[in-house]
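Read the structure below first, then the notes.
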């Protein structure tokens, strides 16, 4: 920053605080994204395993229970941890942030 007379002045402490807050928030967001991906992968593996076990228990595996259809045309928006069904993506993101704490 240029101050009076064209000399450089030290950065404002508020800018340092803002930068530190921004970096902490970014790191937390990246960590949550990593956790979400790990949970999604774990969920996919469990679904595959459950599907395979269910077919073996039934004997033939040709008969499968029909899945309930979603209430609306879009994808199911549910929490990977507690299966809370959210009405929209914003609500789901807020819920997941609280749920995984």
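Residue numbers (the numbering used here): 279 to 379.
Don't be surprised by glycine CBs; every beta carbon is placed ideally from N, CA and C.
6 angstroms CB neighbourhood of residue 369 in its chain, flanking five on each side removed: Closer than 6 angstroms at Cβ, skipping near neighbours: no residue.
Pull up the distance between the alpha-carbon of residue 378 and that of residue 312, whole angstroms please. Their backbone Cα atoms lie some 12 angstroms apart in a straight line.
Going by other Cβ atoms of all chains shown within 10 Å of its Cβ, with 16 needed for buried, is residue 358 buried or exposed? Around the beta carbon of residue 358, 16 or more other beta carbons sit within 10 angstroms, so the residue counts as buried.
In angstroms with no decimal places, state the Cα-to-Cα distance between residue 290 and residue 355. One alpha carbon belongs to residue 290, the other to residue 355, and they sit about 43 angstroms apart.
Could you tell me the alpha carbon to alpha carbon distance between residue 316 and residue 307, rounded to whole angstroms? The straight-line gap from Cα to Cα measures roughly 14 angstroms.
Find out if the Cβ-Cβ distance for the pair residue 310, residue 375 is shorter than 8 angstroms. Judged by their CB atoms, residue 310 and residue 375 are nearer to each other than the 8 angstroms cut-off.
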